[in-house]
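Worksheet: one structure, shown below.
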Amino acid sequence: MSRIGQSITLSVSEKEKQALEILASEFGLFWGDKPNISKLIKEIARNKLKIAPNHDWKPDRLQMLQQAIDSLIDAGQIPIALELTKLLLERSELSGPLRKELERHLDNPPPPWRLELDRCILRQQPFQLSYQDAGDRIWEFHLYHAAINRHEDRLYLDCWCEETEGNQDISELHHNWSLRIDRIPNDSLITPIPRGKWRNQLDSVSAEFQLFDGLARSYRTKSAIDIANELISNDPLVRQITRQITSSFWFFREILPYGEDCLLISPEKVRKRFYDKLQRLYRRYES
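Written out as structure tokens, the structure reads:
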């Protein structure tokens, strides 16, 4: 007994019909020498061909996902970052440079010390590490608080260390260090400190500074570190900020571009350091 197949009618435009025939041709589905739409539909129904969203992601979406991967790596969520990298590499829209950058994450996984470092921070476990400074000297640090942060264009390990030798900050911040991640030797061993107590945060001091004119008008509070933000005068326009700082170095790097529109008030130790820095800058231009 012969089997009679059931037929369906497709309501498509001539342009859509041609597009279906092109797809059938691409997958080698022909009746004689002509592309066969019926075979194409059967292959889809049998799950031999899978329907997936069009590969039409915009460059800004791809860029956002790349930034998310970088942020995950910075935060120590490396396994998640690598899985997201694999998914993104499946997209055909990737530009050549972006694809190479993503492939670099897979081809050059973080060294073992980085994984152990992330684990210690996550578990709030004090640890010891080796560090190589700009003069190629090796230092040993015992860390009791640490977080990986981006300062300007580099990643740093902002940490509270038992050691203070060589620290050039004010005495209240002598235990705080910013160690460049790329200066931790690849063969460094991250050694947990048994019975060590993790500190909740870095040491800090309260600093007051004033902003003037347009800067006073446009300043946006940094809620994580600004304690107070008050407009103390309308004529002239003056805004006073009170902030917790953990490093005078990074604080100076932030406010120095404000130039004459910023006045550092306190603490006196920090103010004096900033004043001396400006004097050295002035003398350099005078010479």
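So for the sequence shown, the working numbering puts the first residue at 477; every next one is plus one. Glycine included, every Cβ here is placed at the ideal spot set by N, Cα and C. Note that the structure is a prediction, hence the values are computed from the model and not measured.
Residues in its own chain within less than 6 Å of residue i by CB, not counting five upstream and five downstream?
i, result
"I731", "C738"
"Y758", "none"
"L496", "I513"
"L486", "none"
"D634", "A623, N625, S654"
"D594", "G552"
"W589", "S664, I666"
Locate the alpha helix (DSSP H) running through residue i, then write down its first and last residues.
i, result
"V746", "744 to 762"
"E684", "That residue, E684, is in no alpha helix (DSSP H); its beta strand (DSSP E) goes 681 to 688."
"I498", "490 to 502"
"R537", "535 to 550"
"S647", "Counting along the chain, S647 falls outside any alpha helix (DSSP H), and DSSP gives it neither H nor E."
"E724", "It should be noted that the sequence gives Ser, not Glu, for residue 724. Segment 724 to 731, the alpha helix (DSSP H) holding S724."
What number of angstroms, rounded off, separates the C-alpha of residue i from the C-alpha of residue j?
i, j, result
"D711", "N652", "39 Å"
"I646", "R756", "19 Å"
"L770", "E519", "Here the chain covers residues 477 to 763 and nothing more, so residue 770 does not appear."
"D679", "G572", "45 Å"
"T561", "L582", "8 Å"
"D612", "A692", "43 Å"
"L558", "D509", "46 Å"
"G672", "E638", "11 Å"
"S547", "E577", "15 Å"
"Y695", "R715", "9 Å"
"L505", "D532", "26 Å"
"I701", "T718", "9 Å"
"S709", "Q644", "36 Å"
"F688", "L713", "6 Å"
"R630", "L649", "22 Å"
"I685", "K753", "Correcting the residue identity first, residue 685 is Phe in this sequence and not Ile. Cα-Cα distance, rounded: 16 Å."
"G642", "E616", "12 Å"
"L516", "P535", "32 Å"
Starting from the C-beta of residue i, find all residues in its chain whose C-beta is less than 7 Å away, skip the five residues before and the five after it, and write them out in chain order.
i, result
"R675", "Y620, H621, W636"
"Q608", "I614, R659, P661"
"P586", "I554"
Does DSSP put residue i in a helix, in a strand, or in coil?
i, result
"Q602", "Per the sequence shown, residue 602 should be read as Pro rather than Gln. Coil, per DSSP."
"Y607", "strand"
"F617", "strand"
"I703", "strand"
"L563", "helix"
"L505", "coil"
"K510", "strand"
"H531", "coil"
"M477", "For M477, the predicted structure reports a pLDDT of 44, less than 50, and the residue's modelled location is therefore unreliable. A value from the coordinates is still provided. Here M477 sits in coil by DSSP."
"R590", "helix"
"R626", "strand"
"I708", "strand"
"P668", "strand"
"L678", "coil"
"L558", "helix"
"L740", "strand"
"E519", "helix"
Taking 8 Å as the limit between beta carbons, can you name the residues of its chain near residue i, skipping five residues before and five after?
i, result
"V746", "I646, V681, A683, I721, S724, F727, L740"
"S478", "Here S478 scores only 48 on pLDDT, less than 50, and its place in the model should not be relied on; the value that follows carries that caveat. Nothing listed; no residue qualifies."
"Y632", "I624, N625, R626, S654, L655, R656, I657"
The beta strand (DSSP E) spanning residue i covers which residue range?
i, result
"S654", "652 to 656"
"D634", "630 to 637"
"R575", "Premise fails: R575 lies in the alpha helix (DSSP H), 572 to 583, not in any beta strand (DSSP E)."
"I764", "This structure gives no information on residue 764, because the portion of the chain shown stretches from 477 to 763."
"R719", "713 to 721"
Is the beta carbon of residue i within less than 7 Å of some heavy atom of the ligand GDP?
i, result
"S680", "This structure lacks the ligand GDP; in fact it carries no ligand of any kind."
Output yes if chain B places a C-beta closer than 8 Å to the C-beta of residue i; else output no.
i, result
"E577", "In the displayed structure, chain B is absent; only one protein chain is listed."
Are at least three pairs of beta-carbons, each pair with one atom in the region 664 to 672 and one in the region 595 to 606, less than 8 Å apart? Taking a contact to require three or more Cβ pairs closer than 8 Å, the region 664 to 672 and the region 595 to 606 qualify as touching.
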